[in-house]
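Please read the structure below before turning to the comments.
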Amino acid sequence: MAKRVGILTGGGDAPGLNAVIRGITYPLIQNNYEVLGFHLGWKGVLENDYETLTIKKVFDIHRAGGTILGSSRTNVYKRENGVAIVKKNYKKLNLDALIAVGGDDTLGVAYKLSTEGLNVIGVPKTIDNDVNATDYTFGFDTAINRVMEMMDWLHTTTKAHRRVMVVEVMGRTAGWITLHGGIAGGAHFILIPEEPFDVDELAGKIKKAYKQNGYAVIAVAEGADDPKLRAHILHSAEKDEFGHSQLWSGIGIGKVLAKELRDRTGLETRAVVLGHLQRGGSPSAFDRVLGTRFGVKAAQLVLKEKYGYMVSLSGASIKNVSLKEAASNVRHVTKERYTTAKIFFG
Ligand code: F6P
0 MAKRVGILTG
10 GGDAPGLNAV
20 IRGITYPLIQ
30 NNYEVLGFHL
40 GWKGVLENDY
50 ETLTIKKVFD
60 IHRAGGTILG
70 SSRTNVYKRE
80 NGVAIVKKNY
90 KKLNLDALIA
100 VGGDDTLGVA
110 YKLSTEGLNV
120 IGVPKTIDND
130 VNATDYTFGF
140 DTAINRVMEM
150 MDWLHTTTKA
160 HRRVMVVEVM
170 GRTAGWITLH
180 GGIAGGAHFI
190 LIPEEPFDVD
200 ELAGKIKKAY
210 KQNGYAVIAV
220 AEGADDPKLR
230 AHILHSAEKD
240 EFGHSQLWSG
250 IGIGKVLAKE
260 LRDRTGLETR
270 AVVLGHLQRG
280 GSPSAFDRVL
290 GTRFGVKAAQ
300 LVLKEKYGYM
310 VSLSGASIKN
320 VSLKEAASNV
330 RHVTKERYTT
340 AKIFFG
């Protein structure tokens, strides 16, 4: 009987997911494995909902965004008998291994299941770029290019109207997209979750910058924090199965900050929430290639029967690290990186 491997894509989608699926499927089929693609992340594993992948199904998917398998934020550990059901289905389908492509939540579940005796491999995915033990996740490069482009557009209209524009960027706990998108897109100020700010102090700096430049563009991560404003924002947000505040469901920092800055500076201020535009559309060349390399590496680990690992990018090389290390932390923006960005504030 052919060996069988399952793949799932979980959490928020990220451009490059299809490149990973293709990267996994080719080498495994070439080595006589059967590849099952579970639908909608862990939900598909819990409900035994899958399709058999073929070369015909995946041969050109790496150029498209989203994921052909679909995704969800299902948490196995929040479902009644979740772990037992996953184990039962894994056995019933005669799986030799499961490859989980996801961010810290999906990989956290993958790690815990690997300690339950399942053969699991992780692939780091997220536009947020905050997975531990890898230099980059795929999806991030596409997202920062989107942010850069939209910020370029926002500069012209903001300057034309001599306004202040607050641009809200994705990133609940890590500010990587805001930092890179903000630097590339020429934001006059960049606010990230790792570096709490004070709105009164910021208002003063914006007045000064406005005087000098005639307008101001501020990139703010959705999780950026002035404790005075934060309570109000979180209070209005719902939580997902992993306990994260769904910031879209409340009044986001972008709108709140725009109003607070207008009140303090007297300048005409607008807010734009870039939202899911940052995640949609086709992947950049970098993400297509990184996704492909990650997928192939994950397949190679299966062929060598090396389980309990996450594939990772270290410098220019694809390596593997333990799932435990990968799932142990979120990777935050360092002080040093923020200090470099601050040189250009104003
Ligand atoms: O996990 C990536 C991410 O894009 C975060 O930056 C953002 O906060 C979140 O997903 C949005 O999630 P959803 O798609 O569930 O609204």
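Quick note on numbering that gives the first Met the number 0: the sequence shown kicks off at 0 and runs consecutively.
For glycine and all other residues, C-beta sits at the position ideal for the given N, C-alpha and C.
Check	Outcome
Environment of R62 [buried if 16+ CB atoms lie within 10 Å]	exposed
Extent of the continuous alpha helix (DSSP H) to which Y337 belongs	334-341
W247 beta carbon near the ligand F6P (any heavy atom closer than 6 Å)	yes
Whole alpha helix (DSSP H) elements within the segment 137-202, 4-residue minimum	139-159, 175-183
Three-state secondary structure (DSSP) of Y308	strand
heavy atom of the ligand F6P below 6 Å from M169 C-beta	yes
T136 versus Y308 - alpha carbon distance	15 Å
Where P282 falls: helix, strand or coil (DSSP)	coil
Residue from K90, S311, G280 whose Cα sits closest to the Cα of I60	G280
Where N319 sits in the DSSP three-state scheme	strand
Contact under 7 Å by Cβ, V310 with V57	no
Nearest to L112 (by Cα), restricted to the options G174, G64, L45, N144	L45
Secondary structure, alpha helix (DSSP H): runs of 4+ residues fully inside the segment 76-119	81-91, 103-114
Under 7 Å between C-beta atoms of K124 and V100	yes
C-beta atoms of A315 and Y110 nearer than 7 Å	no
Of the residues I126, N93, T53, G249, the one placed nearest F285, counting alpha carbons only	I126
Three-way DSSP call (helix, strand, coil) for S70 in this model	coil
Cβ neighbours of F139 in the same chain (closer than 6 Å, five flanking residues each side left out)	I126, N128
CA-to-CA distance, L92 to G81, given in whole angstroms	17 Å
K42 classed as buried or exposed, judged by whether at least 16 other C-beta atoms fall within 10 angstroms	buried
Other residues of its chain near E194: CB distance less than 6 Å, five sequence neighbours each side excluded	Y337
Buried or exposed by the 16-neighbour rule on C-beta atoms within 10 Å, applied to A83	exposed
Heavy atom of the ligand F6P within 6 Å of D127 beta-carbon	yes
Beta carbon of V165 nearer than 7 Å to that of A257	yes
Closest by C-alpha distance to V163, when choosing among A218, V119, Q277	A218
Given S283 as reference, the closest of W152, A18, K90, M169 once Cα atoms are compared	A18
For T51, the first and last residue of its enclosing alpha helix (DSSP H)	T51 -> not in any alpha helix (DSSP H); beta strand (DSSP E) instead, spanning 49-52.
Residues of its chain near K332, where Cβ-Cβ distance is below 7 Å and the 5 sequence neighbours each way are ignored	In the sequence under discussion, the amino acid at residue 332 is Val, which differs from the Lys named in the question. Taken in chain order, the residues that qualify are A173, G174, W175, L178, I191, E193.
E33 - partner residues in DSSP beta bridges	R3
Any non-hydrogen atom of the ligand F6P closer than 6 Å to G11 Cβ	yes
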